[in-house]
Amino acid sequence: MNTVVLDSSAILVALNNEPGSEKLTPAVIDVAISSTVNLAEVQAKLVGHGMDPAEAWEATLSSVQSAVDFTAAHAEITGNLVSQTRSLGLSLGDRACLALGISLGAPVYTADKCWKHLKLPIRIHVIR
């Protein structure tokens, strides 16, 4: 399996062992990357729920093999996705995740069901 991109929602599902986490198999996690924007979202959620920041960061990074810096190229793709995603209510973080997937030609894993309606040049796996 080649590289896959995890959305913050997928990382949180994995960390909380929620329904859908079984789809994030070791084979998926072994090749998983995430945008630093999405990792910031996960960190904020964990710290916001009272987790120690250092422990939260360790947990956040445990779900991916690599944190990919958000670049100017990702910013351009993210901005360009707004017209396609506005009606679905996708956030900046959601679009940053998709931008990383598009830039690499890599499939994206998410727990956000509305993503299945997107018509993009990458495969989207909705895990629940």
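The sequence shown lines up with residues 70 to 197 when you count with my numbering. Here a beta-carbon is modelled for each residue, glycine too, at the ideal position from N, C-alpha and C.
Alpha-carbon to alpha-carbon, residue j and residue i
i       : j       : result
Thr-140 : Gly-170 : 13 Å
Leu-173 : Met-120 : 32 Å
Leu-157 : Leu-150 : 11 Å
Leu-84  : Thr-72  : 20 Å
Ile-191 : Leu-108 : 21 Å
Val-100 : Val-133 : 8 Å
DSSP three-state assignment for residue i, whether helix, strand or coil
i       : result
Leu-159 : coil
Val-74  : strand
His-198 : Outside the displayed range of the chain (70 to 197) lies residue 198, so it cannot be described from this structure.
Ala-180 : coil
Ala-113 : helix
Lys-188 : coil
Residue of the options minimising C-alpha distance to residue i
i       : options                               : result
Leu-161 : Glu-91, Met-70 and Ser-104            : Ser-104
Ser-152 : Gln-112, Leu-187, Ala-96 and Asn-85   : Leu-187
Leu-189 : Asn-107, Arg-197, Val-177 and Lys-182 : Val-177
Ala-185 : Thr-154, Ala-168 and Ala-175          : The question names Ala, yet the displayed sequence has Lys at residue 185. Residue Thr-154 is the option with its Cα nearest to Lys-185.
Element boundaries [alpha helix (DSSP H), containing residue i]
i       : result
Ala-128 : 122-131
Thr-147 : 141-149
Val-100 : Taken as a continuous stretch (DSSP letters only), Val-100 belongs to no alpha helix (DSSP H), as it is neither H nor E.
Assumed close pair residue i, residue j - CB separation to whole angstroms, cut-off 8 Å
i       : j       : result
Ala-180 : Gly-89  : 6 Å
Ser-135 : Ile-102 : 4 Å
Val-82  : Ile-196 : 6 Å
Ser-77  : Val-116 : Rounded, the Cβ-Cβ distance is 13 Å, inconsistent with contact.
Residue span of the beta strand (DSSP E) that contains residue i, given as start and end
i       : result
Ser-90  : It is not in any beta strand (DSSP E) - Ser-90 carries neither H nor E in the DSSP assignment.
Ala-136 : 135-137
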